[in-house]
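Sequences listed follow chains A and B, in order. Each residue of the first sequence is one higher than the one before, starting from 5 at the first, in my numbering. Each residue of the second sequence is one higher than the one before, starting from 5 at the first, in my numbering. We put the beta carbon where it would ideally sit given N, CA and C, even for glycine. Working notes, beginning with the structure itself.
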Amino acid sequence: MSIAATLAFRDLRRGGRGLLLLAMCLFLGTAALAGIGSLSAAMLAALDAQGRAMLGGDVELVVSQRRATPAELAAFTAAGPVAEVVSLRAMAHKGDQDTLVELRGVDDRWPLVGRFRLAPGALAARPHGAQVAIAPALADRLGARVGDTIRLGTQPFRVIGLIAEEPDKLGAGFALGSPALVDMAGLDASALLQPGSLYRSGYRIALADPTRAEATGKRLAARFPDAGWTPRTTENAGRGLRGGIATLGQFLLLVGLAALAIAGVGVGSGVTAYLAARTKMVATLKVLGARSTLIARLFLIELALVGAAGMLPGLALGAAVPWIVARVAGDALPITPRLAFYPLPLVTAAVLGTLVALLFALPALAQARRVPAATLLRDALADTGRPSWRVLAAMAALLGALVGLAVWSAADHLLAAGFVAAIAGLVLLLWLVGIALRRLLARLPRPRAPLPRLALANLHRPGAATDRLVVALGLGFSLFVALTAIDASLSA
Amino acid sequence: MRLALGKPPARVDILHGIDLTVETGETVALLGASGSGKSSLMAVLAGLERPSAGEVQVVGLDFTKLDEDALAVARRGRIGIVLQAFHLLPTMTALENVAVPLELAGEPDAFGRAQAELAAVGLAARTGHYPAQLSGGEQQRVAIARALVGRPALLFADEPTGNLDTTTGAAIMDLLFARAAEAGTTMLVITHDPALAARCARVVELADGRIVADTPRA
């Protein structure tokens, strides 16, 4: 082991508590980033894995306001087994209760993929004729129970059960009403399909070779060029949900980055305080023959060890977030996350955490390196001069890498770049406010009472942390306000 | 040699025209009132401060031509320093404190030699204790062991008994002189104490940053 590592281990053994703030900041920051990334990846992986079930087949041909002609149906059937689903919005009535429903009529072959299941207590496995299966939310809204009768269009339907599992529900897209399911005979009996009615007919085909889904869809649509057929494959099934998850993941990632920036200020303050408390130790080591590079290496090793001690549990917690969320909020999620280990979000979080820690710790490290040996004999004035050009260049490189990675890892690069620029602008503004505050306080007449005099003096004395405090508080408050505003706009 | 500290207009002249030669193996007491420049002179001679003007030749090296890092390397194994406030490394045991100079110099068997040095200053049973677990006298003995473990050619002691009671201080100085004599070390002791100065072969007195008396004894 090198002498720097040996000294670092010895120093941490008794004095490592001073770096607790560093470890906690990095733990929280990396846990947030890794958790957001892992959950987002788990949801998207689940979408990928369930794409066929969400579509209800390998390819679907969709047409509006009509059903397939016998010739079209024959062409579809020639490609593989076909299931027909007709979807429309309708009003459901029970007594004086009316509500909008997403009504689907399905044929006997539906579902080709996945399993349709009713909750225990159902009167039959699936509806036939004047029977309907409804979502639990619809039952609540109408006050209907299994065995009750509700009316759809002109036809009364008996509720035979509550839907527990509907494999292609997510692929159906945005829904205003709760689902209700009937068979084709029931749909015909409802008399809801009239000329001019707004409905959509989908024909899902299970192919012998699923890799030919896109080509088959295009071929069948092209065979009836004027019929208005639109092919869909598993690639674009759940596109809206996928976009929603990606957008939410990106938003949370940016929130995490902002939190990490605030944590960075904490890291800077923690490391500065820790190294300031070690000024005499640095001077002693120099008296005993240590060079400044050894001092820098020693503290870099300490920061790396403590940083790793904070980041590794943070990454572990982040990796476990899909499991935690699935357990805590499983039923509330639109899709069950695919529980697996996702290394990329963890690596991204670890690199971002490391870059932030290095960026904010570097000035304090450079300061510690410059402590003169003579400090032991007389308290040498703290070297508060500007960091050397090499330190500034290293900080610029770290900042560039941090911004580059943040923008690269975001789904919308332009949005991420704008967000980072906004944070940079905010930090600059808050820093200027901090400087202005210090100068203003220094010019104020000194209060006569000792307590306020001491308090004010602490805010503008040389070496005061007022600038950093204003930046940290301002960033934190801005983030809080932004989150509240976004939450309010989403809720409105 | 001259030394001035600070930046204009707050620049202060500390040492003026110091001209001092110390022979190998000599023991020299630096006497003087507070602010006379004793500690500053020691800082320059130990390579902790760089003079503003003049030349400083120590253990065959021109200190004025070395930067802070080169001076640190130059001190390894050549110069030992004992300070009034001990300045032990608080997160290391007594044994580790004494071994550090040897480890920094890349010397083999640092812990074996440190153990022997601690035994020589009467602390064989306290090697695993941290500075906070030792008395003031014990801490100063650890500091002496640390300064002497590398067998330095030159030893500086800045008021080494200033923080100790009279009895402990006398015992510490007996130990310091005995260990330095064993190793044939040249020693410069800063003190206010005439009794301590009397134990040195030569007494150099400073006032206002100048040498005002240089008296060989016996």
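Inter-residue Cα distance where the pair is R117 of chain B and V102 of chain B: 9 Å
Please check the pair M399 of chain A and L30 of chain A, which I expect to be a contact at CB under 8 Å, by giving their CB distance rounded to whole angstroms. Contact flag wrong, Cβ pair sits at about 18 Å.
By a C-beta neighbour count over all protein chains shown, 10 Å radius and 16 as the cutoff for buried, is L385 of chain A buried or exposed? Residue placement at L385 of chain A cannot be trusted, given a pLDDT of 48 that sits under 50; what the coordinates show is reported in the next sentence. Exposed, since its Cβ has fewer than 16 Cβ neighbours within 10 Å.
Less than 8 Å between the beta carbons of A123 of chain A and G165 of chain A, yes or no? yes
Residues bridged to R236 of chain A (per DSSP): A:E64
If I measure Cβ to Cβ from T358 of chain A and keep anything under 6 Å in the same chain, skipping five residues before and after, which residues do I get? Nothing meets the Cβ criterion.
R295 of chain A: contacting residues in chain B (beta-carbon distance under 8 Å): D73, A76 and V77
For a contact defined as C-beta to C-beta under 7 Å, what are the partners of A378 of chain A on chain B? The contacting residues are A47, L52 and E53.
If you run the structure through DSSP and keep just helix, strand and coil, what is A386 of chain A? Interpretation of A386 of chain A is limited by its pLDDT of 48, a score under 50 that renders its predicted location unreliable; the figure taken from the coordinates is listed afterwards. Coil, per DSSP.
M96 of chain B versus chain A: which residues are under 7 Å apart at the beta carbon? R14
Round the Cβ separation of E209 of chain B and A217 of chain B to the nearest angstrom and send it over; I've been treating them as touching at under 8 Å. 4 Å
At least three beta-carbon pairs within less than 8 Å, the segment 182-192 of chain A to the segment 35-53 of chain A: When C-beta atoms of the segment 182-192 of chain A are compared with those of the segment 35-53 of chain A, fewer than three pairs fall below 8 Å, so the two segments do not count as touching.
Just to confirm, are L127 of chain A and P85 of chain A a CB contact at a threshold of 8 Å? no
Residue-level contact to chain A via CB, R130 of chain B, 8 Å cutoff: No - not a single Cβ of chain A is within 8 Å of the one on R130 of chain B.
Does K173 of chain A pass the burial test, meaning 16 or more other C-beta atoms within 10 Å, or should it be called exposed? buried
First and last residue of the uninterrupted alpha helix (DSSP H) at R145 of chain B: Per DSSP, the unbroken alpha helix (DSSP H) holding R145 of chain B starts and ends at G140 to L152.
3-residue-minimum beta strand (DSSP E) runs that sit fully inside the segment 126-177 of chain A, ordered along the chain: 135-138, 153-156 and 159-169
Does the beta carbon of L24 of chain A come closer than 8 Å to any beta carbon on chain B? no
Is there at least one Cβ from chain B nearer than 8 Å to T288 of chain A's Cβ? yes
How many angstroms separate the CA atom of D471 of chain A from the CA atom of Y278 of chain A? 19 Å
Residues, ordered as in the chain, of the segment 15-47 of chain B that lie near chain A by beta-carbon distance below 9 Å: S43, S44, M46 and A47
Of the residues A:R155, A:E64, A:G247 and A:G61, which one's Cα is nearest the Cα of A94 of chain A? Out of A:R155, A:E64, A:G247 and A:G61, A:R155 has the C-alpha closest to the C-alpha of A94 of chain A.
According to the neighbour-count rule (16 or more other Cβ atoms, all chains shown, within 10 Å of its Cβ), is E142 of chain B buried or exposed? buried
So with Cβ pairs under 8 Å, would you call V125 of chain B a contact of chain A? no
The segment 362-376 of chain A / the segment 298-306 of chain A touching (three or more Cβ pairs under 8 Å): yes
Residue of A:G109, A:L146, A:G147 and A:R145 minimising C-alpha distance to Q135 of chain A: A:G109
Chain A contact residues for P105 of chain B, given Cβ-Cβ distances below 7 Å: L292 and G293
Please decide whether T10 of chain A counts as near chain B, where near means a Cβ-Cβ distance under 8 Å. yes
Comparing the C-beta of M285 of chain A with each C-beta of chain B, is any distance below 8 Å? yes
Straight-line gap, A129 of chain A to R121 of chain A (C-alpha atoms, nearest Å): Note on geometry: alpha-carbon atoms of A129 of chain A and R121 of chain A lie some 7 Å from one another.
Just verifying my parser: in three-state terms, what is the DSSP assignment at V90 of chain A? strand
Run through chain A and tell me which residues come within less than 7 Å of L93 of chain B, C-beta to C-beta. M285 and T288
Applying the criterion that 16 or more other CB atoms from any shown protein chain within 10 Å of the CB defines a buried residue, is A453 of chain A buried or exposed? exposed
Measure the C-alpha to C-alpha separation of A250 of chain A and W393 of chain A and round it to an integer number of angstroms. Whole-angstrom Cα-Cα distance: 40 Å.
What do you get for D113 of chain B, buried or exposed, if any count of 16 or more other CB atoms within 10 angstroms of its CB means buried? D113 of chain B should be labelled exposed.
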